[in-house]
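Undergrad: Here the protein sequences line up with chains A and B, keeping their order. Under our numbering, think of the first position of the first sequence as 36, with each following residue one higher. Under our numbering, think of the first position of the second sequence as 36, with each following residue one higher. Just so you know, even glycine gets a beta-carbon here, dropped at the ideal spot from N, CA and C.
2 protein chains.
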Amino acid sequence: MENVQGKRQLQKVATREHIIETAMLVYLAQGFSTPTNIIAQEAGVAHGTIFVHFPTRENLLFHALERFADNIGEKLHGLSVSNSDMEVLIRAHIEIVGENEAFYKNLIREISSLPLDTRSLLVFLNSIASHHFSIALQRGIEDGKLKKLSVHMAYNTWLGLIHYYLQNSEFFSPNGESVIERYKDELVNSYIDLLKK
Amino acid sequence: MENVQGKRQLQKVATREHIIETAMLVYLAQGFSTPTNIIAQEAGVAHGTIFVHFPTRENLLFHALERFADNIGEKLHGLSVSNSDMEVLIRAHIEIVGENEAFYKNLIREISSLPLDTRSLLVFLNSIASHHFSIALQRGIEDGKLKKLSVHMAYNTWLGLIHYYLQNSEFFSPNGESVIERYKDELVNSYIDLLKK
DNA sequence: TAACTCAATGAGTATATACTCATTATAAAT
DNA sequence: ATTTATAATGAGTATATACTCATTGAGTTA
Numbered sequence: 036m037e038n039v040q041g042k043r044q045l046q047k048v049a050t051r052e053h054i055i056e057t058a059m060l061v062y063l064a065q066g067f068s069t070p071t072n073i074i075a076q077e078a079g080v081a082h083g084t085i086f087v088h089f090p091t092r093e094n095l096l097f098h099a100l101e102r103f104a105d106n107i108g109e110k111l112h113g114l115s116v117s118n119s120d121m122e123v124l125i126r127a128h129i130e131i132v133g134e135n136e137a138f139y140k141n142l143i144r145e146i147s148s149l150p151l152d153t154r155s156l157l158v159f160l161n162s163i164a165s166h167h168f169s170i171a172l173q174r175g176i177e178d179g180k181l182k183k184l185s186v187h188m189a190y191n192t193w194l195g196l197i198h199y200y201l202q203n204s205e206f207f208s209p210n211g212e213s214v215i216e217r218y219k220d221e222l223v224n225s226y227i228d229l230l231k232k
Numbered sequence: 036m037e038n039v040q041g042k043r044q045l046q047k048v049a050t051r052e053h054i055i056e057t058a059m060l061v062y063l064a065q066g067f068s069t070p071t072n073i074i075a076q077e078a079g080v081a082h083g084t085i086f087v088h089f090p091t092r093e094n095l096l097f098h099a100l101e102r103f104a105d106n107i108g109e110k111l112h113g114l115s116v117s118n119s120d121m122e123v124l125i126r127a128h129i130e131i132v133g134e135n136e137a138f139y140k141n142l143i144r145e146i147s148s149l150p151l152d153t154r155s156l157l158v159f160l161n162s163i164a165s166h167h168f169s170i171a172l173q174r175g176i177e178d179g180k181l182k183k184l185s186v187h188m189a190y191n192t193w194l195g196l197i198h199y200y201l202q203n204s205e206f207f208s209p210n211g212e213s214v215i216e217r218y219k220d221e222l223v224n225s226y227i228d229l230l231k232k
């Protein structure tokens with residue numbers, strides 16, 4: 036009976052899981068370069084236990100980030116359901132970003148210090164959003180509502196704007212309030228203004 | 036005779052100067068978090084010599100960044116001379132960014148790990164550019180060439196776009212070529228398209 | 001010339017942090 | 001019941017790096 040797992044194996048899986056989940060929480064609060072000893076402490080395990088389950092710090096980071104990316108990726112896929120109108124789409128998009136603001140903020144700030152394999156996770160997320168964006172822009176152009184613009188540049192402008200606010204969030208929201216929550220209407224409205232004929 | 040300086044004092048000033056200039060070069064090539072021992076090595080002085088001239092690593096960093104900011108700030112002031120046309124202005128602006136691409140790239144990537152006093156340097160640079168931008172936008176709106184837009188949002192959109200390309204430069208220019216050189220026309224043209232009625 | 005001052009040196013200290021491994025306690029197998 | 005396998009431990013190791021300080025040797029002053 037191959038599937039029967041003893042207490043040992045179950046415990047091992049549970050510990051690994053617990054470490055990943057703790058790491059995700061700690062990364063949100065303290066950034067992705069939080070040392071392994073802090074994560075061990077928060078998880079209530081010995082420092083060495085981390086390395087029983089993950090060969091390196093980067094490996095743990097990768098698994099935690101992958102899980103974030105999976106969650107958000109699923110939400111982004113859902114954008115397609117009914118949104119071919121640009122304004123509706125980017126409003127839904129910024130809503131998702133807002134729900135994961137801590138993740139995006141840390142990712143954007145630290146991405147250049149992250150290992151290469153983790154960077155591809157952001158590329159993956161962007162490519163999902165990009166696809167829906169492309170369809171909505173084409174539609175808007177065909178309907179004569181939006182300017183004829185390069186999809187590529189229009190999308191990068193939108194991402195650039197959001198990233199700029201996330202990266203400089205203490206400047207825009209000095210008290211630690213959510214930047215996206217505070218500026219989403221202004222961001223969506225002024226971006227749509229730019230796209231309109 | 037107060038101004039007479041002996042060999043000693045001259046030497047000290049020269050060494051300090053040499054360390055700052057070396058640091059500027061090294062920072063451009065290796066990023067602003069290059070360790071002090073590397074800078075000492077490149078400057079051909081002992082590691083301890085760094086701390087004869089600067090109390091902390093951050094202090095050296097501050098002096099080097101301040102010098103970058105002064106140089107660029109002067110160029111940015113020059114934008115005012117003849118540019119009240121938006122397209123001319125942002126083309127001149129991106130030209131200056133391109134001339135200092137390595138500096139901007141490192142600054143944008145590492146700014147969240149830099150000490151607070153150095154961040155104000157970027158705020159300072161942006162406020163100079165922002166002033167010229169504001170004038171050009173008002174002019175364009177009054178002339179009926181540009182949409183009525185919030186100066187603030189229009190400027191942040193432009194900066195966001197440039198920062199996005201700088202931050203993701205290996206993605207846009209995988210071979211290490213200058214991103215700004217390669218994309219400046221496309222960036223200026225598509226941004227101006229967005230502003231036009 | 002002798003005494004003194006100080007810029008520069010570089011070996012040494014302090015700290016942070018990733019990762020190792022002998023040991024332990026408990027589950028599993030005999 | 002005894003032996004074996006292994007999850008977890010935590011003290012220990014290795015490395016990076018900011019910063020210190022006693023020492024040196026050349027410049028300055030008396």
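Within the continuous alpha helix (DSSP H) that includes B:Lys42, where are the two ends?
TA: Per DSSP, the continuous alpha helix (DSSP H) segment holding B:Lys42 begins and ends at Lys42 to Gln65.
Undergrad: Between the alpha carbons of A:Asn72 and A:Ser204, how many angstroms are there, rounded?
TA: 28 Å
Undergrad: On the three-state DSSP scale, how would you describe B:Glu231?
TA: The sequence given here places Lys at residue 231 of chain B; Glu does not occur at that position. Reduced to three states, the DSSP call for B:Lys231 is strand.
Undergrad: Using three-state DSSP, classify B:Leu181 as helix, strand or coil.
TA: strand
Undergrad: Which of helix, strand or coil does DSSP assign to A:Gly113?
TA: DSSP places A:Gly113 in helix when its eight states are reduced to three.
Undergrad: Output yes or no for whether 8 Å exceeds the beta carbon distance between B:Thr69 and B:Val80.
TA: No; because the gap between Cβ atoms is not below 8 Å, this pair is not in contact.
Undergrad: Using 10 angstroms around the beta-carbon of B:Leu151, count the other beta-carbons present and answer buried if the total reaches 16, otherwise exposed.
TA: exposed
Undergrad: At least one CB of chain B closer than 8 Å to the CB of A:Ser208: is that the case?
TA: Not one chain B Cβ lies under 8 Å of A:Ser208.
Undergrad: Under a three-way DSSP split, which group does B:Glu136 fall into?
TA: helix
Undergrad: Pick from B:Leu142, B:Ile85 and B:Arg92: whose alpha carbon is nearest that of B:Leu63?
TA: Of the candidates B:Leu142, B:Ile85 and B:Arg92, the one whose C-alpha sits nearest the C-alpha of B:Leu63 is B:Leu142.
Undergrad: Just how far apart, CA to CA, sit B:Pro90 and A:Val223?
TA: 47 Å
Undergrad: Give a yes or no on whether 8 Å exceeds the smallest Cβ distance from A:Met188 to chain B.
TA: yes
Undergrad: When DSSP labels each residue in this structure, what does B:Phe207 get in the three-state scheme?
TA: helix
Undergrad: Could you pull out every residue in the same chain whose Cβ sits closer than 8 Å to the Cβ of B:Arg154, ignoring the five residues on either side in sequence?
TA: Ile146
Undergrad: Which of helix, strand or coil does DSSP assign to B:Asp152?
TA: Helix at B:Asp152.
Undergrad: How long is the line joining the alpha carbons of B:His167 and A:Gln76, rounded to whole angstroms?
TA: 52 Å
Undergrad: Would you grab the beta carbon distance between A:Leu181 and A:Leu230 for me? Rounded to a whole angstrom, and I think it's under 8 Å.
TA: 5 Å
Undergrad: Between B:Asp220, B:Gly113 and B:Val214, which has its C-alpha nearest B:Ala137's C-alpha?
TA: Just measuring C-alpha positions, the residue of B:Asp220, B:Gly113 and B:Val214 sitting nearest B:Ala137 is B:Val214.
Undergrad: Report yes or no: is there a C-beta of chain B within less than 8 Å of the C-beta of A:Lys182?
TA: yes
Undergrad: Of all the options B:Ser119, B:Phe103, B:Thr57 and B:Asn106, which has the alpha carbon lying nearest to the alpha carbon of B:Glu177?
TA: B:Ser119
Undergrad: Buried or exposed: which applies to A:Arg144, given that a residue is buried once 16 or more other Cβ atoms fall within 10 Å of its Cβ?
TA: buried
Undergrad: Is the beta carbon of B:His198 less than 8 Å from the beta carbon of A:Gly195?
TA: yes
Undergrad: Would you kindly work out how many angstroms separate the C-alpha atoms of B:Phe159 and A:Gly175, rounded to a whole number?
TA: 39 Å
Undergrad: Leaving out five residues on either side along the sequence, give the residues of the same chain with a beta carbon under 6 Å from the beta carbon of B:Leu184.
TA: none
Undergrad: Alpha carbon to alpha carbon, what distance is there between B:Ser115 and B:Val123?
TA: 11 Å
Undergrad: In terms of alpha-carbon separation, which member of A:His82, A:Arg51 and A:Met121 lies closest to A:Asp228?
TA: A:Met121
Undergrad: Using a cut-off of 8 Å between C-beta atoms, extract the partners of A:His198 located in chain B.
TA: Gly195, His198, Tyr199 and Gln202
Undergrad: Would you verify that the beta carbon of A:Ser147 is, or is not, closer than 8 Å to some beta carbon of chain B?
TA: Taking Cβ atoms only, chain B reaches closer than 8 Å to A:Ser147, which makes this a yes.
Undergrad: Cβ of B:Ala164 within 8 Å of Cβ of B:His128?
TA: yes
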